[in-house]
Each structure stands twice: as C-alpha cells, then as structure tokens.
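Presented below is the structure to which this report refers.
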Amino acid sequence: MAYPKEYRYTKEHEWVKLENGKARIGITDHAQHQLGDIVYVELPKIGTKVKQMQEFATVESVKAISPIYAPLSGEVIDVNKELETKPELINQSPHEQGWIAIIAPSDLTELDSLLTAEQYERHIGA
Amino acid sequence: MGNTIFDIGEENRIGLRLPALDVPERNLTELIPAELIRKEDPKLPQVSQVEVVRHYTRLSRMNYGVDSGIYPLGSCTMKYNPRINEDLARLPGFAHAHPLQGDELSQGALKLMYELGEYLCVIGGMDAISLQPAAGAHGELTGMLLIKKHFERTKELHRRTKILLPDSAHGTNPASAAMCGFEVVPIPSDARGLVDLQALKAHLDESVAGIMLTNPNTLGLFETDILEITKLIHDVGGFVYYDGANLNAIVGRARPGDMGVDIVHYNLHKTFSTPHGGGGPGAGPVAVVKKLEPYLPVPRIVKNGNRYSLDYEYPHSIGKIHSFYGNFGVLVRAYAYIRMMGDEGLKAVSTNAVLNANYLRVRLSKVYKAPYDRLCMHEFVLTTKGMSEEIRTLDVAKRLIDYGVHPSSIYFPLIVPEVMMIEPTETVSKEELDYFADALIKVAQEMRENPQLLKEAPHAVPVYGASVRRLDEVRAAKEPILRGHFP
Chain A
0 MAYPKEYRYT
10 KEHEWVKLEN
20 GKARIGITDH
30 AQHQLGDIVY
40 VELPKIGTKV
50 KQMQEFATVE
60 SVKAISPIYA
70 PLSGEVIDVN
80 KELETKPELI
90 NQSPHEQGWI
100 AIIAPSDLTE
110 LDSLLTAEQY
120 ERHIGA
Chain B
0 MGNTIFDIGE
10 ENRIGLRLPA
20 LDVPERNLTE
30 LIPAELIRKE
40 DPKLPQVSQV
50 EVVRHYTRLS
60 RMNYGVDSGI
70 YPLGSCTMKY
80 NPRINEDLAR
90 LPGFAHAHPL
100 QGDELSQGAL
110 KLMYELGEYL
120 CVIGGMDAIS
130 LQPAAGAHGE
140 LTGMLLIKKH
150 FERTKELHRR
160 TKILLPDSAH
170 GTNPASAAMC
180 GFEVVPIPSD
190 ARGLVDLQAL
200 KAHLDESVAG
210 IMLTNPNTLG
220 LFETDILEIT
230 KLIHDVGGFV
240 YYDGANLNAI
250 VGRARPGDMG
260 VDIVHYNLHK
270 TFSTPHGGGG
280 PGAGPVAVVK
290 KLEPYLPVPR
300 IVKNGNRYSL
310 DYEYPHSIGK
320 IHSFYGNFGV
330 LVRAYAYIRM
340 MGDEGLKAVS
350 TNAVLNANYL
360 RVRLSKVYKA
370 PYDRLCMHEF
380 VLTTKGMSEE
390 IRTLDVAKRL
400 IDYGVHPSSI
410 YFPLIVPEVM
420 MIEPTETVSK
430 EELDYFADAL
440 IKVAQEMREN
450 PQLLKEAPHA
460 VPVYGASVRR
470 LDEVRAAKEP
480 ILRGHFP
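Going down the list, the protein sequences come from chains A and B.
Residue numbering for the first sequence is 0 to 125, as defined by numbering that gives the first Met the number 0.
Residue numbering for the second sequence is 0 to 486, as defined by numbering that gives the first Met the number 0.
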C-alpha cells in the first residue's frame, strides 16, 4: 500500500493528515500489518488535551495491546466512533476509513518534526 | 457449548447411593429459617461415576501439559513437577491444617514456611521475605507498594513519581507500577539487546522511584551492565526491583542481591517446580534488603528459640496482601523441591537450562533468524521475518502442534517482529530437544514447499496432535462467550 504524500508520519507509525487546520490521525498500513487483526480500539475522550507523542489511545490485536501516540499537541475534537463496532476498519483501510481521532493542533510547527512519506518508507525499510 | 458435564447423564442418575438414614428424620423447616431454603433444586450434574471419570479423562486427553512433552514457553519455565512434591503436600498434617488453628498446633507448617523463606533469601541474596504474594505479578504489585510506602514515610512520594522499565519487560511490570500510581517510563534496548545505558542515564534524576528489571531479560540475555545500572539507580535514590521470572537461568550461580537489587520476587511455580498454568494457584514470594524490611506484609513468621509464631507487630507494614499466609500448598511443594535438589542440584538446574537453550539456539539459528545470535541464558528468540511473504510466526506455531509438541511463546517480547521465544528448561532430554528442533526445521521447509499446510494448521489429527482445528482468534476476542447455559 502506498503512503500518501500529503500525510506526515511518526517513527511510532502514526499518520497525520491536515484538513483545514485540523489534524486527522490514524496508524499506518505498516503498523496494522505488524499488529495483525485488530479486535478493539480504546478511543480518547473528546476534549482531551494531549502533548506531542503522548499516549492517547490504544489498539488491541490478537497479539498485543499497543499505545497510540499523539503526533501533534492539541485537543481531541472528534473520534472515529465506527471503530467501536468495526475495529477491523484499521486493517482494511488504515489510511482512510480506519482513522482514529481528529486533533485541533495547538502548534503547527510540530509538523516539522514528523516524517514525510518518503522518510517514513525509509524508516520502515519499505 | 456442548459436552460439559451438564450435557451428559440423565435425570435422577446418581454416582453414589447413600445408606439408609439411621437417625430420626427432621423436617428442613425446623432446622433452617424458611427464607433461607431454596425454592428449586440446585442444577447439579446427574451422572454415574463412570461417566464422571470418562468425562474428565476425555478432557485431560484434549489437553497438553508438562506431563505430555516439551512445553517451551519463553519466560514461563514449564519444567517437570516432581511427584514427591505432591506426596509431601498431601501429608495430612499439611493438607488438613486449618489456617486458624493457632501457632501452637501449626509448628510444622510455620517451620516449613520459615525455612523456605530462609532458603529463598539465601538463593536471592536478600535479607527478609514475605511468602504471601500469589504469583509473579502479585509480587510486583507488592514490591511497588513497598517502594511507595517507603517514599511516603520519607515524605518524598510527591516527587518520586517514575518507574523505569526496559522495553523488553514483561507486560505485567508496567501494569503493576501504574496500579500503584507511578508513571511508567520505557527505556529502549540497544543493539546488544540490553538496557541502553545512555537512554537510562537521560532519565535519571530525583523523580525516579525505581527500575524494574528482569535478568536475564526476555531476549534471554544477561544484563552485563547490571552493576552499573543498580549503582546509577541507587545514586539518584531509587530502588531496583528484580522480576524473578527468569531466575531459572541463574539459580545457584548468581544472586540478585549481589547485583545490587533491593526487591526480588520468586516464581515458585517456575523456578521451583510447583504446578503451573491453568490459572493457579501459584506463589510469588517477595524478598527485600534490610532497608525495606519494615514494610513487608504481615503476618511475618518469626522464630524464638525452637518455637515459630505469626507476628503482626510491624507498624509500617503495607498490611496483608493475601488471605491468611499465602498459597500454603504451593509453598510445601517448593520447599520439597529445594530440599530434594540441594545446593548442587540447584546449580545443575541453571547449568542445564542454559545448556539446553543454547543447544536449541545453535541448531535452529541455521534455519530461522536469531536476532541476537550469541551465547544466551535459559531462553532465546528467533524470528520468521523475511522467510516468507505469506507465512507468519503464528502459522509456524500452529503447525508445530501437528507434530505433537507445544509451540513456544510467540509475539513476545514486543521489540522483535514475528518472534518466537523459546525456553526448553533443564527437564527435557536431548532426544526431546532434537525432536523439537527437527520439527521446527521441517516446518521451515514446509513453509517454502507447501505453505498451505501451515496456514491450515493444526489439522486435528486425533491422538497425535491437536484436538481441534485452527481457532478463530479474532472472533474469540471480539465475541467471547463468557458463560455457559444449561442444556
């Protein structure tokens, strides 16, 4: 699966997509592949304030429970409720329908610390 | 859900006929208040004796245990449980002792617990012990409570907020620390597979309450910087907790206390051969250095002259963490094991555990990839990464079942992708090691030649392999059936 060029990525395998100044967040195809079948997602509460790289959600697969880190600081303004009943969306469509949360970022300069698609692909050895 | 004990038998069938009543019959309502008498009969199985025996014999045959063959779960130490342990635990004086019969009638039991504590302190190089914790994770919780209590007493708890944890740690470690209100700070492993000292140093300050270490770690590697690590932690005023899950690798050869460790838990159901798996009971005694002794759970077992008693007079104790005195029957078995093995025997345990693991590592690393391919301790890790596009470690593990052996741990530790974590223990013979290695090597060949065999495994070959086909793990996690229903 291709890594969208307009997204930014963390070394911990989250992606960020900016939409009118809001940051949509999910985990990468590489991450979902490593985790295997995802059976549960613990979503953050709307209104939660997070710092960059703070743990703010968890995904549970048949293999392990893994933390999801906030790629940017800010406030959680929306979560993907559909994951509550269909966690498999992360496996099926990690970069689109499997999004996890939307954050209103408090400091957009943090974007500079994230990886481009090309850098991320190098990071995972793709 | 078929084939439970409730699904067999027949209305009014019984396993035992009671003799005729030889006392006057009384009406139940004369003896028990009406509101306490149940309105309908309890739903008890209605089966004959032979049906009971056959039912449970059938279930036991569907299972695989340490009495069936090699059981190489990493960090689990699934060793043989000597039968003499069972003999001693069934001695009437132990088996029928009542926890409230008092010190005077419990001298033998108290002596056994006292001496077991002494032996464990010697083995761990520690000063004092509590036998109460019921398992490793319970020991961790106890250890964290001891640290918390200490810093409460020194009025430092508000700033001693962090517990450091290597990223190869058992998952229970961070859970135990978090349950006590500590913030968990992961410390990465370096290219050697050991604690990254530079990363550790970056986190060292007076906010550190302690570190939790497993040595050897879950990659089966001995933390060679252990003396420096414990010194660094002590220099900032923190404590070092030793997770004894992997003690089998060093028992009789090296002691956590000599490494600078302040708190140790022992898994009696691992290192000391008490029955294990299926949810317990286990025992995870916790030993400490002098400085932490005042906080140990009560009652403590004390010896005055030749008399043993239970002592509750420790005002700074964290209190009880188990009903009565711990899982006593487990303690008897571990005591029997230590006495039967003796000094030399325990040394031979770690020697052979390490030898067996290295034998398997050398044979298997020719076929699978060993990410840390050097002398290991009692366990080692392999990965299937890069071996096949479609086959994953899960499939390899499932196919092993077809060969009649229990798979190793898989997908742990989390820092190695597609990992298998293999701990043979000292109680397997060379023939068994070779059978297991041959099976894994064969599976690697099948992975190339007939991957479908792996994907569909296990194949439910009666008697020889699995009693069921591949389980749907996703469905089991998402739609668990947590209760049965009467037929």
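Cβ atoms here follow ideal geometry from the backbone N, Cα and C, with glycine treated the same way.
Burial is judged here by how many other beta carbons sit within 10 angstroms of a residue's own beta carbon; asparagine 19(A) has fewer than 16 and is exposed.
Taking 3 residues as the shortest admissible run, the region 241-293 of chain B contains the following complete beta strand (DSSP E) segments, listed from N- to C-terminal end: 262-265 and 285-287. Taken in chain order, the complete alpha helix (DSSP H) segments of 4 residues or longer contained in the region 26-93 of chain A are 28-34 and 88-91. Apart from sequence neighbours up to five positions away, the residues of its chain that approach alanine 438(B) with a beta-carbon distance below 7 Å are Leu399, Tyr402 and Val404, ordered along the chain. For a cut-off of 8 Å, the C-beta gap from aspartate 195(B) to valine 235(B) is around 17 Å, too long to register as a contact. The beta carbon of lysine 62(A) sits closer than 9 Å to some beta carbon of chain B. The continuous alpha helix (DSSP H) containing arginine 332(B) extends over residues 327-363. Rounded to whole angstroms, the separation of the alpha carbons of arginine 482(B) and glutamate 445(B) is 39 Å. Under the three-state reduction of DSSP, tyrosine 410(B) is assigned to coil, being neither helix nor strand. In this structure, the beta-carbon distance from valine 58(A) to isoleucine 24(A) does not fall below 9 Å. The beta carbons of glycine 243(B) and glycine 283(B) sit closer together than 9 Å. Secondary-structure assignment with DSSP links asparagine 303(B) through a beta bridge to Arg306(B). For glycine 403(B), the three-state secondary structure derived from DSSP is coil.
For glycine 116(B), the uninterrupted alpha helix (DSSP H) run begins and ends at 106-123, by DSSP. According to DSSP, isoleucine 102(A) shares a beta bridge with Ala22(A) and Val75(A). The beta-carbon of leucine 481(B) is placed no less than 9 Å from the nearest beta-carbon of chain A. In the assembly as shown, glutamine 197(B) is an exposed residue. Its beta-carbon has fewer than 16 other beta-carbons within 10 Å. Distance between asparagine 303(B) and serine 60(A), taken at the CA atoms: about 55 Å. Glycine 35(A) belongs to the set of residues whose beta carbon lies under 9 Å from a beta carbon in chain B. In the DSSP assignment, alanine 475(B) falls within the unbroken alpha helix (DSSP H) covering 472-477. Glycine 8(B) and valine 46(B) do touch by the CB rule: their CB atoms are close to 4 Å apart, below 8 Å. Between methionine 376(B) and proline 215(B), the CB-CB gap stays under 9 Å. Per DSSP, reduced to three states, the secondary structure at glutamate 182(B) is strand. Remark: three or more beta-carbon pairs, one from each stretch, lie closer than 8 Å, so the region 62-79 of chain B and the region 419-437 of chain B are flagged as touching. The beta carbons of glutamate 109(A) and serine 72(A) sit about 6 Å from each other, so the pair counts as a contact at 8 Å. Contact note: valine 38(A) reaches chain B through Val473, Ala476 and Lys477, using a C-beta cutoff of 7 Å and chain order. In the structure shown, the three-state DSSP call for lysine 16(A) is strand. Ranking Ser167(B), Ala94(B) and His149(B) by CA distance to the CA of threonine 160(B) puts His149(B) first. Our two residues, proline 165(B) and leucine 218(B), have alpha carbons roughly 12 Å apart in a direct line.
In summary, the residues of the region 402-427 of chain B whose CB is separated from some CB of chain A by less than 9 Å are Ile409, Tyr410, Phe411, Leu413, Pro416 and Glu417, in the order they occur in the chain. Proximity of arginine 306(B) to chain A, defined by a Cβ-Cβ separation below 9 Å, is not satisfied. The beta carbons of valine 287(B) and leucine 295(B) sit about 6 Å from each other, so the pair counts as a contact at 8 Å. Under the Cβ criterion of 9 Å, glutamate 59(A) is counted among the residues facing chain B. Proline 486(B) and phenylalanine 5(B) have their C-alpha atoms spaced approximately 7 Å apart.
DSSP places phenylalanine 485(B) outside both helix and strand once states are collapsed to three, so it counts as coil. The beta-bridge partner set that DSSP reports for histidine 458(B) consists of Arg468(B).
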